[in-house]
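2 protein chains.
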Amino acid sequence: MASIHDVAKEAGVSVATVSKVINHYPDVSDKTRKKVKNAIELLRYRPNVIARGLVTGRSWTVGVLINIPFTNPYVAMLLEGIKTALEDSGYDLMRLSARLNDPAYSFIDHCHSRNLDGVVVFGVEKDHRSIQELIESGIPTMFVDTDATGLRAGNITTDNRNGVHMAVRHLFELGHRRIAYLAGTPGHNVGESRRAGYRDGLEASSIPYCEDYVVNGDFSYDSGIQGMTKLLQLERRPTAVVCSSDMSAFGVIHSIEAHGLTVPGDISVVGFDNIYEAELFKPALTTINQNIHAIGVKSIQELISMIKSSDYPPPVVTEPSSLIVRESTATCADSVG
Amino acid sequence: MASIHDVAKEAGVSVATVSKVINHYPDVSDKTRKKVKNAIELLRYRPNVIARGLVTGRSWTVGVLINIPFTNPYVAMLLEGIKTALEDSGYDLMRLSARLNDPAYSFIDHCHSRNLDGVVVFGVEKDHRSIQELIESGIPTMFVDTDATGLRAGNITTDNRNGVHMAVRHLFELGHRRIAYLAGTPGHNVGESRRAGYRDGLEASSIPYCEDYVVNGDFSYDSGIQGMTKLLQLERRPTAVVCSSDMSAFGVIHSIEAHGLTVPGDISVVGFDNIYEAELFKPALTTINQNIHAIGVKSIQELISMIKSSDYPPPVVTEPSSLIVRESTATCADSVG
DNA sequence: CTGAAAGCGCTTACAG
DNA sequence: CTGAAAGCGCTTACAG
């Protein structure tokens with residue numbers, strides 16, 4: 001690889017001048033500029049981003065810490081959005097390992113040793129030690145689905161609360177009164193917002209809250225199976241269940257069918273996320289849509305804004321959610337009216 | 001952030017000595033080593049990987065070029081494998097943009113300007129200009145599912161040919177004789193291997209090859225729908241169809257059901273990939289399993305071996321495939337015997 | 001065993 | 001408008 005010295009020699013100028021041409025400084029004569037450009041062309045010279053970063057302090061690299069498997073469809077869509085927003089931005093994406101439970105590992109040290117310009121963090125809860133360190137470090141940060149902020153840290157999430165609220169209302173309007181809720185991880189930011197939405201929905205429908213109808217899960221398929229199994233043992237089993245994720249809704253449906261009942265004939269089911277599979281599933285899943293791709297795009301756009309100007313206020317953005325009605329919900333069979 | 005100079009000053013030694021301690025050189029007295037270690041601890045010093053890379057020529061960064069959306073389940077699993085193998089290796093992963101069709105963009109320049117130690121490439125066909133450039137560049141490379149090699153470039157893929165062969169044999173043993181094939185992209189390495197496997201399977205079963213029973217697709221859901229629609233218009237429609245991907249198999253099944261027929265009652269369907277959804281789908285999909293995670297892991301392991309020693313021969317590895325029988329295949333109804 | 005010096009490939013005041 | 005010099009944070013012969 002040709003270096004800036006080679007170009008300078010070829011063009012018969014100093015390296016400082018070459019640097020100025022590369023960086024579009026105005027105070028270079030057209031004649032010199034042309035000579036340099038020719039030399040660059042001739043030698044196929046490309047500036048070394050690494051070396052440049054050492055002196056400018058900018059790496060043109062954005063880190064991403066994702067503490068959830070890539071095979072999670074939600075993660076995949078988020079990454080797709082991140083990728084889209086990064087394209088042509090000049091920034092490259094670096095994945096940071098997620099050894100969050102290894103005390104010898106420091107996420108911040110990692111960011112510093114790599115000179116990262118900013119990071120987006122997904123799937124780490126607010127109270128994890130590294131979150132606090134990160135906020136204090138002053139590295140521009142966007143949290144996805146984590147309710148944390150700082151001088152240089154913003155966050156972005158879906159309107160989870162209203163989403164579940166809408167799901168409950170939808171079921172209410174179909175005549176359901178015994179509406180169960182398969183909750184997400186307790187204490188988890190997103191899980192709690194959705195749980196609050198469930199109560200909102202009941203309240204708006206004047207349905208009394210009944211503890212038996214709320215089962216905790218962890219968003220997974222398996223937790224859907226387990227949760228539904230419990231609900232089916234209830235004396236007055238629910239006629240509908242709202243789930244805190246599509247994956248757990250699939251588990252719920254599987255469990256219902258394994259017990260010889262049908263969806264939505266006997267029990268209606270609503271998911272949350274609107275992952276790709278929701279449409280493919282049989283029955284196609286009624287669910288709450290999240291604009292995950294948009295969240296990925298915006299997280300990067302906002303992050304870059306923060307990187308570019310140190311007084312860009314760290315944003316807190318909430319993306320709207322929406323109800324997508326498909327085949328897994330229907331009028332309540334034993335409607336009380 | 002403390003620099004090596006700060007540590008040297010704090011410890012009362014030269015930066016050269018600090019460097020030796022960091023890099024575990026043996027020729028440092030225990031006393032000095034201790035002083036330096038204390039200073040490092042005290043200042044929370046972490047070496048700057050970027051600066052180090054500038055002088056050593058190693059960035060401890062591996063690039064990944066993936067020319068397929070992250071939302072593709074296959075890509076997600078591959079990444080998961082890559083991630084696993086990278087953990088604790090000391091290498092970080094950088095995603096490279098895939099502006100392969102932008103003539104102004106050079107993938108190799110990108111690798112060089114980022115000082116990448118090696119790259120894994122997925123979803124780019126052998127004849128793309130950047131592949132040739134990459135091979136010539138001498139950057140250690142592992143191609144996934146692309147049949148390219150070079151002095152410093154190896155590849156890894158699934159035994160695609162035998163996979164489809166097994167699928168055909170499975171159907172044959174169930175009594176099927178009119179076995180159609182929904183092919184992948186023509187000219188595509190993986191597509192062609194699987195196509196060859198189809199012919200192998202017919203031959204081994206003494207079934208004559210019939211052109212009408214082969215429809216081209218591009219691995220997508222939509223191409224499955226379109227392909228099956230064509231096949232259903234045939235006078236003697238097939239009793240079974242082997243698909244070149246699970247996604248296209250889902251499309252095929254959708255199309256069959258849309259025509260009022262059932263799977264596997266009327267027509268048996270086999271997929272390829274064994275993505276997560278294959279098991280969730282109804283009917284659960286009989287398919288050919290690829291060890292995608294293992295491919296991800298091995299691609300990185302081999303790449304790192306190549307990086308570490310310049311005479312490590314570029315590997316060409318084929319992962320075995322296997323048949324997973326589920327619910328989408330059954331004995332042929334109108335078996336000819 | 002220790003350190004001064006050169007250098008990796010750049011950029012940035014600064015002097016002329 | 002141009003270039004010499006210092007410096008970003010490191011490592012690596014080399015001399016002592």
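Protein sequences, first through last, are from chains A and B.
Be aware that the first sequence starts at 1, since it is given in our numbering, and climbs by one per residue.
Be aware that the second sequence starts at 1, since it is given in our numbering, and climbs by one per residue.
Note that the Cβ used here is the ideal one computed from N, Cα and C, for glycine as well.
Please read all numbers here as calculations on a predicted model, not as lab measurements.
Counting only runs that start and end within the region 22 to 57 of chain B, where is the alpha helix (DSSP H) found for 4 or more residues in a row?
When DSSP assignments are scanned along the region 22 to 57 of chain B, the uninterrupted stretches of alpha helix (DSSP H) that are 4 or more residues long and fall wholly within it turn out to be 30 to 43, 49 to 56.
Mind checking the region 270 to 295 of chain A against chain B and listing, in chain order, the residues whose C-beta falls within less than 8 Å of any C-beta there?
Legend: CB atoms of the region 270 to 295 of chain A lying less than 8 Å from CB atoms of chain B belong to residues Tyr276, Glu277, Leu280, Phe281, Lys282.
Gly53(A) CB to nearest chain B CB: under 7 Å?
yes
Consult DSSP for Ala284(B) and reduce its assignment to one of helix, strand or coil.
coil
Check each residue of the region 53 to 67 of chain B: if its Cβ is closer than 7 Å to any Cβ of chain A, include it; give the result in chain order.
Gly53, Leu54, Ser59
CA-to-CA distance, Leu96(B) to His110(B), given in whole angstroms:
8 Å
Quick one: is Pro26(A) buried, meaning 16 or more other Cβ sit within 10 Å of its Cβ, or exposed?
Exposed: under 16 other Cβ atoms inside 10 Å.
Which of the residues in the region 19 to 52 of chain A, read from start to end, lie with their CB under 7 Å from any CB of chain B?
Arg46, Pro47, Asn48, Val49, Ile50, Ala51
Quick check on DSSP: helix, strand or coil for Cys111(A)?
helix
Minimum length 4: unbroken alpha helix (DSSP H) runs contained in the region 252 to 319 of chain A:
With a minimum length of 4 residues, the continuous alpha helix (DSSP H) runs that stay inside the region 252 to 319 of chain A are 277 to 280, 292 to 308.
Rounded Cβ spacing between Val241(A) and Leu182(A) (contact assumed at less than 8 Å):
Their Cβ separation, rounded to whole angstroms, is 6 Å, which keeps Val241(A) and Leu182(A) in contact under 8 Å.
Report the rounded CA-to-CA distance for Asp127(A) versus Pro103(A), giving the unit in angstroms.
15 Å
Which same chain residues end up closer than 7 Å to Thr32(A) when comparing Cβ atoms and leaving out the 5 residues on each side of it in sequence?
Excluding residues within five positions, the ones whose Cβ falls inside 7 Å are Val13, Thr17.
Helix, strand or coil: which one does DSSP assign to Asn160(A)?
helix
Paired residues, beta bridge with Pro216(B) - DSSP
The residue asked about is misnamed: residue 216(B) is Asn in this sequence, not Pro. In DSSP, Asn216(B) forms a bridge with Ala183(B).
Based on the DSSP secondary-structure assignment, which residues constitute the bridge partners of Asp145(B)?
According to DSSP, which records beta bridges pairwise, Asp145(B) is partnered with nothing at all.
Start and end of the alpha helix (DSSP H) containing Gly118(B)?
Here Gly118(B) belongs to no alpha helix (DSSP H); instead the beta strand (DSSP E) covers 118 to 122.
Whole-angstrom Cβ separation of Ile50(B) and Ile50(A), contact assumed at under 8 Å?
That belief holds up - the Cβ atoms of Ile50(B) and Ile50(A) are roughly 6 Å apart, short of 8 Å.
Extent of the continuous beta strand (DSSP E) to which Ile207(A) belongs
Taken as a continuous stretch (DSSP letters only), Ile207(A) belongs to no beta strand (DSSP E), as it is neither H nor E.
For Ile66(A), does the three-state DSSP call read helix, strand or coil?
strand
Residues bridged to Thr61(A) [DSSP beta-bridge criterion]:
Asp92(A)
Exposure of Ala76(B), with buried meaning 16 or more beta-carbon neighbours within 10 Å
buried
Of all the CB atoms in chain A, is at least one closer than 7 Å to the CB of Pro320(B)?
With its beta carbon at least 7 Å from every one in chain A, Pro320(B) lies outside the interface.
Quick test of your reading: Asp92(B) and Trp60(B), contact by CB under 8 Å. State the CB separation rounded to the nearest angstrom.
7 Å
Quick one: residues in its chain with C-beta nearer than 6 Å to the C-beta of Val269(B), no 5 flanking neighbours on either side, listed in chain order?
Here Val269(B) has Val241, Ala249, Val252, Ile253, Val263, Ser328 as same chain residues with Cβ atoms under 6 Å from its own Cβ, once five neighbours each way along the sequence are excluded.
Hey, how far is the Cα of Phe281(B) from the Cα of Ile256(B)?
15 Å
Terminal residues of the alpha helix (DSSP H) in which Ser245(A) lies
Careful: Ser245(A) lies outside any alpha helix (DSSP H) and carries neither H nor E.
For the beta strand (DSSP E) containing Ser322(B), list its first residue and its last residue.
322 to 324
Near-chain A residues of the region 102 to 131 of chain B (beta-carbon distance less than 7 Å), N- to C-terminal order:
Asp109, His112, Ser113, Arg114, Asn115
Can you give the Cα-Cα distance for Ile179(A) and Ala167(A), rounded to whole angstroms?
10 Å
Start and end residues, alpha helix (DSSP H) containing Tyr221(A):
221 to 232
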